[in-house]
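Protein chains: 2
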Amino acid sequence: MKQYMPLLNQSVLFGGLPEEHLDAILSIASEKQMKSGEMIFFEGDPADGFYMVADGMVKIYKLSPNGKEQILHMFGPGEPFGEVPVFSGGVFPANAEAVKNSTILFFPRKRFVELIIEKPHVALNMLAILSKRLRHFTVQVESLSLKEVPARLAGYFLLLSEEQKSTRTVTLNISKGQLAGFLGTIPETLSRMLRKMSDQGLIEVEGRKIRLKDLDGLIDLADTGRLDAAEI
Amino acid sequence: MKQYMPLLNQSVLFGGLPEEHLDAILSIASEKQMKSGEMIFFEGDPADGFYMVADGMVKIYKLSPNGKEQILHMFGPGEPFGEVPVFSGGVFPANAEAVKNSTILFFPRKRFVELIIEKPHVALNMLAILSKRLRHFTVQVESLSLKEVPARLAGYFLLLSEEQKSTRTVTLNISKGQLAGFLGTIPETLSRMLRKMSDQGLIEVEGRKIRLKDLDGLIDLADTGRLDAAEI
DNA sequence: AACGGGCTTTGACTCAAGTCAAGCAATTGG
DNA sequence: CCAATTGCTTGACTTGAGTCAAAGCCCGTT
Numbered sequence: 000m001k002q003y004m005p006l007l008n009q010s011v012l013f014g015g016l017p018e019e020h021l022d023a024i025l026s027i028a029s030e031k032q033m034k035s036g037e038m039i040f041f042e043g044d045p046a047d048g049f050y051m052v053a054d055g056m057v058k059i060y061k062l063s064p065n066g067k068e069q070i071l072h073m074f075g076p077g078e079p080f081g082e083v084p085v086f087s088g089g090v091f092p093a094n095a096e097a098v099k100n101s102t103i104l105f106f107p108r109k110r111f112v113e114l115i116i117e118k119p120h121v122a123l124n125m126l127a128i129l130s131k132r133l134r135h136f137t138v139q140v141e142s143l144s145l146k147e148v149p150a151r152l153a154g155y156f157l158l159l160s161e162e163q164k165s166t167r168t169v170t171l172n173i174s175k176g177q178l179a180g181f182l183g184t185i186p187e188t189l190s191r192m193l194r195k196m197s198d199q200g201l202i203e204v205e206g207r208k209i210r211l212k213d214l215d216g217l218i219d220l221a222d223t224g225r226l227d228a229a230e231i
Numbered sequence: 000m001k002q003y004m005p006l007l008n009q010s011v012l013f014g015g016l017p018e019e020h021l022d023a024i025l026s027i028a029s030e031k032q033m034k035s036g037e038m039i040f041f042e043g044d045p046a047d048g049f050y051m052v053a054d055g056m057v058k059i060y061k062l063s064p065n066g067k068e069q070i071l072h073m074f075g076p077g078e079p080f081g082e083v084p085v086f087s088g089g090v091f092p093a094n095a096e097a098v099k100n101s102t103i104l105f106f107p108r109k110r111f112v113e114l115i116i117e118k119p120h121v122a123l124n125m126l127a128i129l130s131k132r133l134r135h136f137t138v139q140v141e142s143l144s145l146k147e148v149p150a151r152l153a154g155y156f157l158l159l160s161e162e163q164k165s166t167r168t169v170t171l172n173i174s175k176g177q178l179a180g181f182l183g184t185i186p187e188t189l190s191r192m193l194r195k196m197s198d199q200g201l202i203e204v205e206g207r208k209i210r211l212k213d214l215d216g217l218i219d220l221a222d223t224g225r226l227d228a229a230e231i
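So this is what it looks like as structure tokens:
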């Protein structure tokens, strides 16, 4: 398990801890390989610990009875997930599935709570992580309730633009189908709205590459929530 | 400030602490009276601490440019709010407004983080609170994305039924306009859907009292997300 | 008790986005 | 390389729910 030392060292949750502590943390962890498409846990499953992505990508999502999917989070290397029941008890509140071939680490609840009590630093890191999650949800609820699909798209591209440190082009790192699920819509609508935004000169789409042709227009669209003026 | 000792003692965040610790916590807190409708903080305000409701009720919400409101939370006595920036830095992610005449307590960030480092018990309580918040958001996103308004209503009544320990009648403790904002719709739609569910024999509405006439039907509606079979 | 303001309900109408189906494009596996 | 599978796009159509306006109701204040 030594190969995960750099990952832990750079993770938000365990970063800043001395090496012997990371050793102790790795000693309570177990690892597992997941194939793309494989379920890690289901909504409603009993939970006795939480996970961290070591490699690959994991989506957390809810499914409706007729098969529509709402993705809540996409997690990559170094990010914990499934930690809600560790602290509030109960079951996993959503499904977790590997989106790419992945390696995940599992931390048992009991051992981890002991660690938190010993190491306030880890408690504060976890509080920071949960707080960032809450921030993300605030934005997500706002998007779903108060914004139309093109505005959600614009917001997503601006976020990607920031992450990728590029104001000209962004590259989608998830499929368009997954993106539709993340934005609370279906692939048909996503496709139509991309076309609409292209026709209006806001973006240009080449597969997974999106050229941001009118950055101010995208910012305006994300803020106002709808394709108003340009539409009429 | 001694009058708040019972409140702290019974709160999830500070419950279980010895009295001298509660004394210390109250010594760092300041109190404030808010009138119904008064803003406590705005989205985007810098944050240097968090709050707790001592008395009254507070709503946390987002507003769209054209005035539509999405309520994220309604908090009552003993419940903390505004804690996200304490741990993740930055600004308040949403607005907070008193819905009734309220008394709120303010805890400065710096002093509180010192407290957390000294008292792992408080850290764990805060982790539990944030985890319950995440659970709530998971349900909210699911509702907004995957369920129609009547199903959201049914889910809300079932939640109230559980809180009020009654399977026959529930009483709304917020106005119908606020309820519409909480469920991600507008008052007009709320009114129509209440009428529709009444006509179908699921409920009976008398002002703020809702009689749950067909509990199984409501459970089914909340699960499937739509008024399918009974509609055709 | 009366009045006024705010909340809620109802009506007419519009539209964003979902459903269902089919065709096209890209990717994967043998 | 080719065939099969999966992902994406487009078309026709439907519907849940929002917009705008007005009427009705309820509650609080004087």
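Chains D and X supply the protein sequences, listed in that same order. With the first letter of the first sequence counted as 1, position 149 gets the number 148 in numbering that gives the first Met the number 0; the numbers rise by one all the way through. With the first letter of the second sequence counted as 1, position 44 gets the number 43 in numbering that gives the first Met the number 0; the numbers rise by one all the way through. Ideal placement from N, C-alpha and C gives every residue a C-beta, glycine not left out. Just so it is clear, the structure is predicted and the values come from calculations on it, not from any experiment.
Within chain D, the residues that residue i reaches when beta carbons sit closer than 8 Å
i       : result
Phe86/X : Leu123, Leu126, Ala127, Leu129, Ser130
Partner residues on chain X for residue i, Cβ-Cβ distance less than 7 Å
i        : result
Ser63/D  : Leu145, Gly224
Pro149/D : Result: empty, since nearest Cβ-Cβ is about 15 Å, beyond 7 Å.
Ala93/D  : Thr137
Val83/D  : Ser130, Leu133, Arg134
Residue-level contact to chain D via CB, residue i, 8 Å cutoff
i        : result
Gln163/X : no
Thr137/X : yes
Ala179/X : no
Gly15/X  : no
Asp219/X : no
Gly216/X : no
Chain X within 8 Å of residue i, Cβ atoms only
i        : result
Arg167/D : no
Val98/D  : no
Glu141/D : yes
Residue i - containing alpha helix (DSSP H), residue span
i        : result
Ser197/D : 186-198
Val169/D : Looking at the DSSP string, Val169/D is not in any alpha helix (DSSP H); the run it does join, the beta strand (DSSP E), is 168-170.
Lys175/X : 175-181
Arg108/X : 108-117
Asp22/D  : 18-27
Asp222/D : 214-223
Gly154/X : 148-162
Val85/D  : 83-87
Residue i: contacting residues in chain D (beta-carbon distance under 7 Å)
i       : result
Ala53/X : Near Ala53/X there are no residues of chain D at all, since even the closest Cβ is about 23 Å away, more than 7 Å.
Where residue i meets chain X, residues with beta-carbon distance less than 9 Å
i        : result
Ile115/D : Pro119, Ala122, Leu123, Leu126
Contact check, residue i vs residue j, beta carbons under 8 Å
i        : j        : result
Val98/X  : Ser35/X  : yes
Tyr60/D  : Leu25/D  : no
Leu226/D : Leu220/D : yes
Pro107/X : Gly14/X  : no
Ala150/D : Gly200/D : no
Gly75/X  : Val112/X : no
Lys67/X  : Leu145/D : yes
Ile70/D  : Gln177/D : yes
Met125/X : Leu126/D : yes
Ala179/X : Thr170/X : no
Ile103/D : Lys31/D  : yes
Arg194/X : Ile202/X : no
Asp44/X  : Phe91/X  : yes
Glu37/X  : Glu96/X  : yes
Val121/X : Leu12/X  : yes
Val85/D  : Arg134/X : no
Met56/X  : Ser10/X  : no
Glu42/D  : Ala93/D  : yes
Leu143/X : Gly183/X : yes
Chain D residues whose Cβ lies nearer than 9 Å to that of residue i
i        : result
Gly183/X : Val140, Leu143, Ser144, Leu145
Segment limits, beta strand (DSSP E) that includes residue i
i       : result
Tyr3/D  : No beta strand (DSSP E) contains Tyr3/D, which DSSP labels as neither H nor E.
Val52/D : 48-54
Val57/X : 57-62
Leu12/D : Note, Leu12/D: premise wrong, no beta strand (DSSP E); not H, not E.
Query raised in the report: What residues from the region 66-79 of chain D come within 8 Å of chain X, judged by C-beta to C-beta, listed N to C?
Result: Result list: Lys67, Gln69, Leu71.
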